[in-house]
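**Q** There's a structure below that I have some questions on.
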Amino acid sequence: MEGGIGIKERHVALLGYVTQHGKTEVGVLAEYLHTSKVTVRKDLEYLAERGILKRERGYAVPNSPGDINYRMAFHMDTKQKIARAAAACVQDGETLIVESGSTCALFAEELAKTKHNVTIITNSMYLAGYVSSYSSIQLILLGGTLQPHTQSMVGPLTKNAVASFHVDKIFTGTDGYSRSYGFTGEDLIRADTLGAMIASADHTYVLAGSEKFSQPGAVYFLKLEDVYQIITDEGIAPSEREYLKGRGIKVTIAG
3 MEGGIGIKER
13 HVALLGYVTQ
23 HGKTEVGVLA
33 EYLHTSKVTV
43 RKDLEYLAER
53 GILKRERGYA
63 VPNSPGDINY
73 RMAFHMDTKQ
83 KIARAAAACV
93 QDGETLIVES
103 GSTCALFAEE
113 LAKTKHNVTI
123 ITNSMYLAGY
133 VSSYSSIQLI
143 LLGGTLQPHT
153 QSMVGPLTKN
163 AVASFHVDKI
173 FTGTDGYSRS
183 YGFTGEDLIR
193 ADTLGAMIAS
203 ADHTYVLAGS
213 EKFSQPGAVY
223 FLKLEDVYQI
233 ITDEGIAPSE
243 REYLKGRGIK
253 VTIAG
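Just so you know, we're using my numbering here: the sequence shown kicks off at 3 and counts up by one.
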């Protein structure tokens, strides 16, 4: 496969165990995964190189909770399903905006693996690094002020940079949701920057795990009337799904 081996099902299972149990011995992981210690060590080396977890001698160690790689490790199987479903909304040769976030990074990788000549405009250094080894996509990284914990560019310079573009589609994640305010975040500067990015696209796609629909955030950045499509997982409450569809939003359940 061009660009690397990608995240395997075994990697997902390994990450799920480590995020749940914390620092874990290689031998314990080998037993849990029904594989050899040599294989586990190779998996840990691969995942550590991508920054998704840390290695210590004989152990796998999760990242700190404030790190984007820590969030990447949570619910990775669900995030990959959402990423694949989102990639089905993109055609070869398209130019689109993709915001920062762990699910968005997996979405970008899915595009890199399955599409041709796609151009991604992004404010995410994390995303750019995550897919930089693939030659099937072109990356345009927006300038601005680096926000270290999200590894993304934000602020007035980013807003000015994205204003130079006009695309059909933007794909974004979210921290939370409410019926009254729509999709919400936890960071004012990021939300303000994302608002400018959304203004440069005709259609807004939201990639959101079902747990996001039960946790309202502090700062709203996207009203429901401005959402074209939501891609989530089967855990979303049927009543919420029907409510969103009633607001004229396409709702795709990844599976």
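Think of the CB as a built atom: it goes at the ideal place given N, C-alpha and C, for glycine as much as any other residue.
Which class does Ile-255 belong to by DSSP, given the choice of helix, strand or coil?
**A** It is a strand residue.
**Q** So, with DSSP's three-state summary, where would you put Pro-240?
**A** Pro-240 falls in the helix class under three-state DSSP.
**Q** Please report the straight-line C-alpha distance between Glu-242 and Ala-220, rounded to a whole angstrom.
**A** Computed Cα separation, rounded: 20 Å.
**Q** Using the beta-carbon count (16 or more within 10 Å), is Arg-192 buried or exposed?
**A** Per the 10 Å Cβ criterion, buried.
**Q** So, is Asp-45 buried or exposed, given that buried needs 16 or more other C-beta atoms within 10 angstroms?
**A** That one is buried.
**Q** DSSP puts Thr-206 in a beta bridge; with which residues?
**A** Answer is Ile-172, bridged to Thr-206.
**Q** Would you kindly work out how many angstroms separate the C-alpha atoms of Gly-197 and Leu-159, rounded to a whole number?
**A** Their Cα atoms are separated by approximately 14 Å.
**Q** For Leu-224, collect the residues of the same chain with a Cβ closer than 6 Å to its Cβ; drop the 5 residues on either side in sequence, then sort them by chain order.
**A** Gly-184, Phe-185, listed in sequence order.
**Q** Return helix, strand or coil for Ala-90, following the three-state DSSP convention.
**A** Coil, per DSSP.
**Q** If you follow the alpha helix (DSSP H) that Val-14 is part of, which residue opens it and which one closes it?
**A** 11-23 is the span of the alpha helix (DSSP H), which, as asked, contains Val-14.
**Q** How close, in whole Å, do the beta carbons of Leu-141 and Ala-107 come, if the pair is a contact with beta carbons under 8 Å?
**A** Going by Cβ atoms, the distance from Leu-141 to Ala-107 rounds to 12 Å, so no, they are not a contact pair.
**Q** Grab me the residues of Lys-39's own chain with a C-beta within less than 8 Å of its C-beta, minus the 5 sequence neighbours each way, in chain order.
**A** Cβ neighbours of Lys-39 beyond the five flanking positions: Val-28, Gly-29, Ala-32.
**Q** Take the Cβ of Asp-235 as the centre, count every other Cβ of all protein chains shown within 10 Å, and call the residue buried at 16 or more, exposed below.
**A** Buried, since its Cβ has 16 or more Cβ neighbours within 10 Å.
**Q** Can you tell me where the beta strand (DSSP E) with Ile-122 in it begins and where it stops?
**A** Taken as a continuous stretch (DSSP letters only), the beta strand (DSSP E) holding Ile-122 covers 120-124.
**Q** May I have the straight-line CA-CA distance separating Lys-171 from Val-100, to the nearest angstrom?
**A** Distance between the alpha carbons of Lys-171 and Val-100: 9 Å.
**Q** Would you mind giving the Cβ-Cβ distance between Val-164 and Ser-202, rounded to the nearest angstrom? I have them listed as a contact below 8 Å.
**A** That pair is a contact at about 5 Å.
**Q** Within 10 angstroms of the Cβ of Asn-162, are there 16 or more other Cβ atoms? Answer buried if so, exposed if not.
**A** With fewer than 16 other Cβ atoms within 10 Å, it is exposed.
**Q** Checking the sheet assignment: what are the DSSP bridge partners for Ser-180?
**A** Answer is Gly-184, bridged to Ser-180.
**Q** Identify every residue that forms a DSSP beta bridge with Ala-62.
**A** Paired residues: Thr-26, Arg-57.
**Q** Does the region 79-87 touch the region 52-67, meaning 3 or more C-beta pairs lie closer than 8 Å?
**A** The region 52-67 vs the region 79-87: no contact.
**Q** Applying the 10 Å Cβ sphere with the 16-neighbour rule, what's the burial state of Gly-81?
**A** This sequence places Lys at residue 81; Gly is not what is there. Lys-81 is buried by the Cβ-count criterion.
**Q** Ser-180 to Ser-216, Cα distance in whole Å?
**A** Using only the alpha carbons, I get a separation of about 8 Å.
**Q** Residues in the same chain with beta-carbon distance under 8 Å from Ala-89, minus the five sequence neighbours each way, listed in chain order, please.
**A** The answer, listed in chain order, is Phe-109, Glu-112, Leu-113, Thr-116, Lys-117.
**Q** State the start and end residues of the unbroken beta strand (DSSP E) segment that holds Val-229.
**A** Careful: Val-229 lies outside any beta strand (DSSP E) and carries neither H nor E.
**Q** Which word fits Ile-7, buried or exposed, when buried means at least 16 other C-beta atoms lie within 10 angstroms of its C-beta?
**A** Bear in mind that the predicted position of Ile-7 carries a pLDDT of just 40, short of 50, making it too unreliable to give a figure here.
**Q** Please state whether DSSP places Lys-247 in a helix, a strand or coil.
**A** Here Lys-247 sits in helix by DSSP.
**Q** Quick one: give me the first and last residue of the alpha helix (DSSP H) that Tyr-48 is part of.
**A** Here the alpha helix (DSSP H) through Tyr-48 covers 39-51.
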